[in-house]
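Visitor: A single structure is presented below for examination.
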Amino acid sequence: MLKEFVNKMIELKRYDDLLELMSGDSNYCLDNPVNLPITKSDIELHLMSIHHVRFLKKFGHTDQVVFDEDGKVYQWYIDYFDKWLDSGVKGLEVVEVENYLKDHPFPRA
């Protein structure tokens, strides 16, 4: 359910809402989450996935390395992101997603 939610949020370009949920800054986030990234590997996957979503928001779906006007280099982190999705989407809670969807349902196909 969480993996499908994240993919749909990206498909709909709801990057800001997704980033708020991923970072714990959303009004929908629980005070006592249980699906936390705890291991070093889980924390790395979670953080790199946040960077990946920020990249998608700024540059769209491209696997190209992007240079901005200040000379900063950006790239997407699809490998980390896919591993994060496959390893349980640590940092998101089912209840948070359900509450978000009550107020912001996905459009019907």
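Adding 924 to a residue's 1-based position in the sequence shown gives its number in our numbering. Heads up, the beta-carbon is just placed ideally off N, CA and C, and yes, glycines get one too.
1) If you run the structure through DSSP and keep just helix, strand and coil, what is residue 989?
2) Can you round the beta-carbon distance between residue 942 and residue 1030 to whole angstroms, since I take them to be within the 8 angstroms contact cut?
3) Residue 929: buried (16+ other C-beta within 10 angstroms of its C-beta) or exposed?
4) The alpha helix (DSSP H) spanning residue 1008 covers which residue range?
5) Determine the DSSP secondary structure at residue 939, reduced to helix, strand or coil.
6) Using CA atoms only, rank isn't needed, just tell me which of 961, 925, 976, 993 is closest to residue 1005.
7) Would the region 949-957 and the region 1014-1032 be scored as touching if the rule is three or more Cβ pairs under 8 angstroms?
8) What is the DSSP secondary structure of residue 952, reduced to helix, strand or coil?
Guide: In this structure, then:
1) The sequence position of residue 989 within the sequence shown is 65, counting from 1. In the structure shown, residue 989 sits in coil (DSSP, three-state: anything other than H, G, I, E or B).
2) As a first step, residue 942 is located in the sequence shown; it is residue number 18 there, counting from the start. As a first step, residue 1030 is located in the sequence shown; it is residue number 106 there, counting from the start. With a Cβ gap of about 13 angstroms, residue 942 and residue 1030 do not count as contacting.
3) What you label residue 929 is simply residue 5 of the sequence shown in a count that begins at 1. Residue 929 is buried by the Cβ-count criterion.
4) By 1-based counting over the sequence shown, the position of residue 1008 is 84. Boundaries of the alpha helix (DSSP H) around residue 1008: 1002-1010.
5) Counting from one through the sequence shown, the residue named residue 939 turns up at place 15. Three-state result, residue 939: helix.
6) Against the sequence shown, residue 1005 aligns to sequence position 81. Nearest C-alpha to residue 1005 among 961, 925, 976, 993: 976.
7) They touch, by the three-pair rule.
8) Translated into positions along the sequence shown, residue 952 becomes position 28. The answer is coil: DSSP assigns residue 952 none of H, G, I, E or B.
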